[in-house]
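Engineer:
2 protein chains.
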Amino acid sequence: MLICTHCGRKYPAEFLRCPICNEPLQLPYFEGKIKKGNKVWKRFADFYPFTLLPKNSLGEGDTPLLYLPKLSQQLKINIYAKNETQNPTWSFKDRGTFVAMQYVLNISRRVGTVSTGNMGASVAAYAAHLGVKSYILVSKEIPEEKLAPIGIYGSEILRVMGDYGELYYKSIEVGKEKGIYFINSDNPFRVEGYKSIAYELAEKIDGDYVIIPTSSGGLFRGIHKGYVELKRSDLIEDIPELICAQAAGCSPIYNAFSQGKERIERVEHPNTIAHAIRNPYPPSGNAVLRILKEGNHCEIAEDHEILEAQKELAKDGLFVQPASAVSLAVVKKLVAQEKIEKGSKVILVLTGAGLKYILPIRINIRDCSINDLSRCFE
Amino acid sequence: MLICTHCGRKYPAEFLRCPICNEPLQLPYFEGKIKKGNKVWKRFADFYPFTLLPKNSLGEGDTPLLYLPKLSQQLKINIYAKNETQNPTWSFKDRGTFVAMQYVLNISRRVGTVSTGNMGASVAAYAAHLGVKSYILVSKEIPEEKLAPIGIYGSEILRVMGDYGELYYKSIEVGKEKGIYFINSDNPFRVEGYKSIAYELAEKIDGDYVIIPTSSGGLFRGIHKGYVELKRSDLIEDIPELICAQAAGCSPIYNAFSQGKERIERVEHPNTIAHAIRNPYPPSGNAVLRILKEGNHCEIAEDHEILEAQKELAKDGLFVQPASAVSLAVVKKLVAQEKIEKGSKVILVLTGAGLKYILPIRINIRDCSINDLSRCFE
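From first to last, the protein sequence lines stand for chains A and B.
At position 261 of the first sequence the residue is numbered 282 (the numbering used here), and the sequence of numbers has no breaks.
At position 216 of the second sequence the residue is numbered 237 (the numbering used here), and the sequence of numbers has no breaks.
1) Can you check whether the CB of K31/B is closer than 8 Å to the CB of I24/B?
2) Counting contacts by CB-CB distance shorter than 8 Å, is I379/B in contact with chain A?
3) Considering only the alpha carbon of each residue, which of A357/B, K360/B and L334/B lies closest to E104/B?
4) If you draw a straight line from the alpha carbon of F65/A to that of A145/A, how long is it in whole angstroms?
5) In the DSSP assignment, the alpha helix (DSSP H) including Q267/B goes from what residue to what residue?
6) Please confirm whether R211/A and V120/A have their CB atoms less than 8 Å apart.
7) Can you check whether the C-beta of I156/A is within less than 8 Å of a C-beta belonging to chain B?
8) Along the chain, where does the beta strand (DSSP E) that runs through M182/B open and close?
9) Look up E320/A in the DSSP assignment and say whether it is helix, strand or coil.
10) Report the option in I233/B, D184/B and L339/B whose CA atom is closest to the CA atom of P301/B.
11) Along the chain, where does the alpha helix (DSSP H) containing K252/B start, and where does it finish?
12) Would T235/B and V309/B be called neighbours here (beta carbons separated by less than 8 Å)?
13) When Cβ atoms are compared, which residues of the segment 186-197 of chain B fall closer than 8 Å to chain A?
14) Relative to chain A, which residues along the segment 331-347 of chain B have a C-beta separation below 8 Å, given in chain order?
15) Are the C-beta of V181/B and some C-beta of chain A separated by less than 8 Å?
16) Between which two residues does the beta strand (DSSP E) carrying S155/A extend?
17) With a cut-off of 8 Å, does the C-beta of E166/B fall near any C-beta of chain A?
18) Where does R130/B sit, in a helix, a strand or coil, going by DSSP?
19) Give a yes or no on whether 8 Å exceeds the smallest Cβ distance from W62/A to chain B.
20) Does the Cβ-Cβ distance between A330/B and A346/B come in under 8 Å?
21) Below 8 Å, how does it come out for the segment 259-273 of chain A and the segment 65-76 of chain A: are there three or more Cβ pairs, yes or no?
22) Just verifying my parser: in three-state terms, what is the DSSP assignment at A400/A?
23) Could you pull out every unbroken alpha helix (DSSP H) segment of at least 4 residues lying fully inside the segment 294-367 of chain A, listed in chain order?
24) DSSP three-state call for V231/A: helix, strand or coil?
25) Got a sec: is the Cβ-Cβ distance from Y174/B to anything in chain A below 8 Å?
26) Any idea what DSSP makes of L371/B, helix, strand or coil?
27) With 16 as the cutoff for other CB atoms within 10 Å, does C397/A come out buried or exposed?
28) Quick check on the DSSP output: the beta strand (DSSP E) that includes C25/B runs from which residue to which?
29) Inspect the beta-carbon positions of S136/B and V159/B and report whether they are closer than 8 Å.
30) Check each candidate in L240/B, H325/B, E177/B and A102/B and name the one with the smallest Cα separation from Q47/B.
31) Using a beta-carbon distance cut-off of less than 9 Å, what residues from the segment 264-297 of chain A approach chain B?
32) Could you name each continuous alpha helix (DSSP H) segment of 4 residues or more that falls completely within the segment 86-118 of chain B, going from the start of the chain to the end?
33) Rounded to whole angstroms, what's the CA-CA distance from L74/A to E221/B? Just pull it up for me.
34) At a threshold of 7 Å, does D229/A count as lining the ligand NAP (C-beta to nearest heavy atom)?
35) Measure the alpha-carbon distance for R253/A versus Y50/A and round it to whole angstroms.
36) From which residue to which residue does the alpha helix (DSSP H) around I382/A run?
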């Protein structure tokens, strides 16, 4: 059973959005206890409506949480990184794909998604692993280097000319017609996967702020739902403040939030280096706005700030894609604004690997001869 | 204390090779018990000569072991993949770098390595994390796309004209002169990191064969040492047969092994798509040969077989770099030769992520219009 995040009406599991208010649906809030186990799916089995079979897993989740001493000292806060780049296809998407695919297996042998890169690779990999045919719809602006990591798994890749925001809705429509279940960015079962990040964080740290790079809103909703479930289950005392982090070049949620609006508006000319969060009309945008009004916050960062933050994270040993670096860029702003207090425990959700998109990175190299190697170190 | 892998002479920890026979050194065999803990470093703390501090970790190790149903069925054996692509810099090198850096911190604030890509990124990341200055020596043939993932961490990259095999020795020499400790491919402390793969495998599976893509020989030696230690500690009954997997275009160890020679010879014109294992004169080549003679085996695969195996692994959900796919390519040959018996438990060590080198991958894309989407699925 699915529930509309806006009006609360209930629908069967195969629905994807509320037919009345066109807002996203979600599963009920689950409550339970933490079990013993090596994998988050086993420890939090109480919080899922079906059994998450290990044989369907590619080893997603249970990613490291690292303390970043240099950045912490510099910003006079305690910064932790939840490193989602260590998932099977090197982004957080794998958590959502794993859970959603368990649902898909019951209803279809054909699955699809609309992707800027990360989700396409993730769906392609799990579909291959499970022997399900997959269709990945990518935008015409996708850089070439993001295609091979999707195509290698044997998916059918369709490069679609047209508005990326609209493609979300169109794909669901065509999927119904053709018998292809689309597990897009904020699919209700995908969100159930993302909530496991909150579980893992709560097991290790009582954070003050969790910074979440936000595009469709699915990840933000997932982490929020996870914390709400922990709170309702008396497993945590307080939910950390959740910070929605967007790129200034495509910030529909920030725009509405900062202007006190109830609904997001489409960004007409999205333009940011953070491709993975460049959704001009996020399908869970209004749902995220509703969560933000419960005492959470939203901030943006410019492309130059994002690239600077990417370098700074690498100086602490973490090479993330620009969309992930938005988290640190936003934290620096919030510390400067004194919105984040000194000494706070701040968790960055590092959503995807830097290897995914290396074109914008400029580095210096020196050429040496092996016969003259000693001189190169002078 | 270090021991020569050939003559058994003993040397202080700062030595890198035996000054008498020029063979690699290793730490003594450790024995112990398995402790409780989430991390392999804690569970196997008995097997390390110093404490491996969690604060120096980037979250390496404890990678997933996956059963591959499709390939298993196809080859009539049970194939498992140890997925080292889920390490912090997306290759197995991180295990070695983590352990070696703990040693480096005691003796130097400057570290170096000679790399085809994976090791450079790994050393650069850990050096950044630990605030140690790093020098990465790369070969002039390194593809451009492998440089950004090293340079981003702030290392000094030196592109060296000259023989890559020779660079290993030359770097150690210059390092001594300049006070830079080089943790190259088969550095004794690096090997101590790699042995943790054997520990993790033994915890989960009683394998018959472990297939190890082999370049310098450091990884092969590490996994072997780990199993020997487990056996000496009565933690396992039998050591699986270890298979050294090389690319036909650069197979110095296979050449010597198949001809029954005691020593490897330099490959004059190495040429393979599997860059990460293209070492024409592996510094632990003779040491691996000695291990092979204890009842282990070596096999090669051609580039077209490697690329085919890369695709087949992706069809099971795993996108690995060509050097890792050598493992599957070799297994297919050994099954065809009936060297590997039907029903055997075979473990592939998948050393590094496919994202590291995407240029050779060719994929098909179809262009569609959003207004005509339905027709694209016909």
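Beta carbons: idealized from backbone N, C-alpha and C, even for Gly.
Structural biologist: So, from the listed chains and residues:
1) Yes, the pair counts as a contact, with Cβ atoms nearer than the cut-off.
2) At least one chain A Cβ lies under 8 Å of I379/B.
3) The residue asked about is misnamed: residue 104/B is Asn in this sequence, not Glu. For the options A357/B, K360/B and L334/B, the alpha carbon positioned closest to that of N104/B is the one of L334/B.
4) If you take the alpha carbons of F65/A and A145/A, they lie about 26 Å apart.
5) Not the alpha helix (DSSP H): Q267/B falls in the beta strand (DSSP E), residues E262 to A268.
6) In this structure, V120/A lies closer than 8 Å to R211/A by Cβ.
7) Ile is not the amino acid found at residue 156/A; the sequence shown has Tyr there. At least one chain B Cβ lies under 8 Å of Y156/A.
8) Counting along the chain, the beta strand (DSSP E) containing M182/B begins and ends at E177 to M182.
9) Of the three classes helix, strand and coil, the one that applies to E320/A here is strand, per DSSP.
10) Selected option, being the one with the closest Cα: D184/B.
11) Per DSSP, K252/B belongs to the alpha helix (DSSP H) from G239 to R253.
12) Yes; because the gap between Cβ atoms is below 8 Å, this pair is in contact.
13) Of all residues in the segment 186-197 of chain B, only E187, L188, K191, S192 and V195 place a beta-carbon less than 8 Å from a beta-carbon of chain A.
14) The residues in question are Q331, K332, A335, K336, D337, G338, L339 and F340.
15) Under the Cβ distance rule, V181/B counts among the residues neighbouring chain A, one pair being separated by less than 8 Å.
16) K154 to S160 is the extent of the beta strand (DSSP E) around S155/A.
17) Yes - at least one Cβ of chain A is within 8 Å of the one on E166/B.
18) If DSSP states are grouped into helix, strand and coil, R130/B belongs with coil.
19) Output row for W62/A: interface = no.
20) Yes; because the gap between Cβ atoms is below 8 Å, this pair is in contact.
21) Too few Cβ pairs lie closer than 8 Å, so no.
22) For chain A, the structure presents residues 22 to 399; residue 400/A sits outside this window and is missing.
23) Complete alpha helix (DSSP H) runs here, min 4: 306-313, 324-336 and 343-357.
24) Strand, per DSSP.
25) Yes - at least one Cβ of chain A is within 8 Å of the one on Y174/B.
26) If DSSP states are grouped into helix, strand and coil, L371/B belongs with the strands.
27) Buried: at least 16 other Cβ atoms inside 10 Å.
28) Per DSSP, C25/B belongs to the beta strand (DSSP E) from L23 to C25.
29) Against a cut-off of 8 Å, the Cβ pair of V159/B and S136/B comes out as a contact.
30) Out of L240/B, H325/B, E177/B and A102/B, the CA that lies nearest to the CA of Q47/B is found in L240/B.
31) Along the segment 264-297 of chain A, there is no position whose C-beta sits under 9 Å from a C-beta of chain B.
32) With a minimum length of 4 residues, the continuous alpha helix (DSSP H) runs that stay inside the segment 86-118 of chain B are 90-96.
33) L74/A and E221/B have their C-alpha atoms roughly 22 Å apart.
34) Looking for the ligand NAP in the displayed structure turns up nothing, as the structure carries no ligands at all.
35) R253/A and Y50/A: Cα-Cα distance of roughly 9 Å.
36) The continuous stretches of alpha helix (DSSP H) do not include I382/A, and DSSP gives it neither H nor E.
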